Structure formats: C-alpha cells, structure tokens
Amino acid sequence: MSDTKPRGELHLRVAGHTTDWKLLLVDEPPTEDEVASWMQEGMVAPVRVAEQGSNEPYTLLVNFSLVVAARLLPATRGDRSVRF
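Take the sequence shown: its letters are residues 334 to 417, numbered as in this note's numbering.
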C-alpha cells in the first residue's frame, strides 16, 4: 500500500465546463510558474494524484491547453468548493 497523503491540491477550470477539477497531488506540487508555463505552451503534463479514500496514486495526463484558470493550494482535510 502506498502513502497517498495529499501534499497539495490543484484546482483547474477547463474550457467549456461549469465545474472545477480538484486534483489531490501526492508528489511535490508543481509551482505556479510551472503551471503557468504548461498553460501558455498548451502542454500535456503528467500529474501524480490520488482519489479521496483511495489507497493507490496514479498518473493523470492533463491537457493544459484546455485549462483557463488554475489554483494551487496546500493539502487540506475535508471537501471545499472553489469559485473562480
């Protein structure tokens, strides 16, 4: 069993969607500059995440060319909605 304690959260607003993605990051979170660069370059980036209540992390490939807003947060307990 892997340690899936989230080290940060990445909230993404994807073009054409009315709800945000909340990704629980299990590795070192990317910096704001890295996320901004991925968005500007339209990059597909691998992000290590875990679902709430899951035992195993996995890699999610995110197409940052579709992301119109992003917010990085430290890991928290409980669920919280984010409004842009």
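C-beta atoms are modelled at their ideal positions from N, C-alpha and C, and glycine is treated no differently. For clarity, every value in this text was computed on a predicted model and none was experimentally measured.
Its Cα nearest to that of N396, the residue W354 stands out among P407, L405 and W354.
Taking 8 angstroms as the cut-off, the Cβ atoms of V400 and M372 count as close. Counting every other CB atom within 10 Å of its CB across the protein chains shown gives A383 a total of 16 or more, marking it as buried. Taking V380 as reference, the option from E365, T352 and L358 with the minimal CA-CA separation is L358.
DSSP places V400 within a strand segment (E or B) once states are collapsed to three. The alpha-carbon of S398 is positioned some 12 angstroms away from that of G349.
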